[in-house]
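Position 30 (the sequence shown) corresponds to 30 in UniProt numbering; numbering is contiguous.
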Amino acid sequence: MASQSNGQAPLSAPAGIMSEYSSFLSDLCENITNEDLEQLKSACKEDIPEDQSNSITSSKEWFSYLEKNDKLAQDNLSYIEHIFEISRRPDLLTRVIEYRTTVLKISEDDEIDTKLTRIPSAKKYKDIIRQPSEDEIIKLAPPPKKV
Numbered sequence: 001m002a003s004q005s006n007g008q009a010p011l012s013a014p015a016g017i018m019s020e021y022s023s024f025l026s027d028l029c030e031n032i033t034n035e036d037l038e039q040l041k042s043a044c045k046e047d048i049p050e051d052q053s054n055s056i057t058s059s060k061e062w063f064s065y066l067e068k069n070d071k072l073a074q075d076n077l078s079y080i081e082h083i084f085e086i087s088r089r090p091d092l093l094t095r096v097i098e099y100r101t102t103v104l105k106i107s108e109d110d111e112i113d114t115k116l117t118r119i120p121s122a123k124k125y126k127d128i129i130r131q132p133s134e135d136e137i138i139k140l141a142p143p144p145k146k147v
């Protein structure tokens, strides 16, 4: 592994974030078995053609494919959050959310808005997830008083 010549962390924020991102992906890779990888590839079969999916044999190759096809970037984790969620991997999902909130400083509310515009299959849920307006809330009358 290459190290800084002066032994100090990079000064620029993007390099620091990039380093955090690389560590984050390495951590995820360590927690994805070959069996998990098959499940994850299956969960994104709409986005990865079968011939290309068959050539992906490691989690590192899977992340690399997602990056090359604009499904994953250091500031765009929505796709893998979605895949980890539908693959029932709360452990991996928790790591992604932790990275997003601590390193990128993106809150859950901020992420919901962008997630709905970046993940095609999530757009249909936009109306379900948003909070209803005052006009849409059904107001119930108080129960009748006993006499």
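Every residue, glycine too, gets a C-beta built ideally from N, C-alpha and C.
Computed from a prediction, not measured in an experiment: that's the story for all the values here.
Bounding residues of the alpha helix (DSSP H) (the contiguous stretch that carries Q52): E50 to S55
Whole-angstrom distance between S19 and K105, CA atom to CA atom: 16 Å
Secondary structure of residue 152, DSSP reduced to three states: Outside the shown range of the chain, which is 1 to 147, sits residue 152, and nothing can be said about it.
Cα-Cα separation between F24 and K145, rounded to whole angstroms: 59 Å
Spatial distance of I138 from L77 (CA atoms): 36 Å
Coil, strand or helix - N34 by DSSP: helix
Inter-stretch contact (C-beta, 8 Å, three-pair minimum) for the stretch 28-40 and the stretch 80-92: yes
Residue environment, R100, which counts as buried when at least 16 other CB atoms sit within 10 Å: buried
Limits of the unbroken alpha helix (DSSP H) element including R100: P90 to T102
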